[in-house]
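Contents: one structure, followed by commentary.
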Amino acid sequence: MALFSKRLEHAVRPLEVADSLILADLHAEDFARPWSDAEFESLLSQTTVFGFAVLPLGKRPGAPTGFVLARQAADEGEILTIAVSRSQRRQGLGRQLMDAVLRKLHADRAAALFLEVEENNAPAIALYRRLGFHQVGGRPDYYRDAKGARSGALVMRRDLR
Numbered sequence: 010m011a012l013f014s015k016r017l018e019h020a021v022r023p024l025e026v027a028d029s030l031i032l033a034d035l036h037a038e039d040f041a042r043p044w045s046d047a048e049f050e051s052l053l054s055q056t057t058v059f060g061f062a063v064l065p066l067g068k069r070p071g072a073p074t075g076f077v078l079a080r081q082a083a084d085e086g087e088i089l090t091i092a093v094s095r096s097q098r099r100q101g102l103g104r105q106l107m108d109a110v111l112r113k114l115h116a117d118r119a120a121a122l123f124l125e126v127e128e129n130n131a132p133a134i135a136l137y138r139r140l141g142f143h144q145v146g147g148r149p150d151y152y153r154d155a156k157g158a159r160s161g162a163l164v165m166r167r168d169l170r
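When we follow my numbering, the leftmost residue of the sequence shown carries the number 10, and every step to the right adds one.
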């Protein structure tokens, strides 16, 4: 008898300032220097900052299990941060979040979207390449892990026009 795991369906919705605490919790799962709920609240209060949360649907909809935060200035967008709960990875949630940002920027007629990703984060780099991003630069020693080890960042860009 084969066992199958049932994938939950998810919805994407715009972020709200009230999401700040859960965003800080999700961010803490992945980043050695996680952002606080006050930092998320401050960012989400800015008119140029926007984002999306992904949450499971069903009989008892849950709290967001992932999010993306972005900024738009003139005709360029930038991914500030993105995180998906470790228990929810490899289900296409990061792609859904990035698609939501891309749709918004296309609607706003932005010309490009930029992001930085740790050079050793192969799953994220693969996702960004599938989404049409290409490397345009790098930042040596940009990230630091919990033990103080440093790693570089790739600067990636996707043209939107």
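Even glycine gets a Cβ: it sits at the ideal position worked out from N, Cα and C.
Based on Cα-Cα distance, which residue from L64, M107, H143, S96 lies nearest to A79?
M107
Going by other Cβ atoms of all chains shown within 10 Å of its Cβ, with 16 needed for buried, is D28 buried or exposed?
buried
When DSSP builds the beta bridges, which residues end up paired with I91?
V77
Starting from S29, follow the alpha helix (DSSP H) in both directions and report where the run begins and ends.
29 to 37
L12 versus N130 - alpha carbon distance:
Reliability of the predicted coordinates at L12 is poor, the pLDDT of 43 falling under 50, and no value is obtained from them.
Mind checking whether I88 and F59 have CB atoms under 9 Å apart?
no
Out of A155, V164, Q81, which has the shortest C-alpha to C-alpha gap to R112?
Q81
Enclosing beta strand (DSSP E) for F59 [first to last residue]
58 to 65
Compute the Euclidean distance between the alpha carbons of V26 and V164, then round it to the nearest angstrom.
28 Å
Whole-number beta carbon distance between L24 and T62, since they are thought to touch under 8 Å:
The sequence given here places Ala at residue 62; Thr does not occur at that position. The pair is a contact, with the Cβ atoms about 5 Å apart (cut-off 8 Å).
With respect to the beta strand (DSSP E) encompassing L122, which residues constitute its N-terminal and C-terminal limits?
121 to 127
For L163, the three-state DSSP class (helix, strand or coil):
strand
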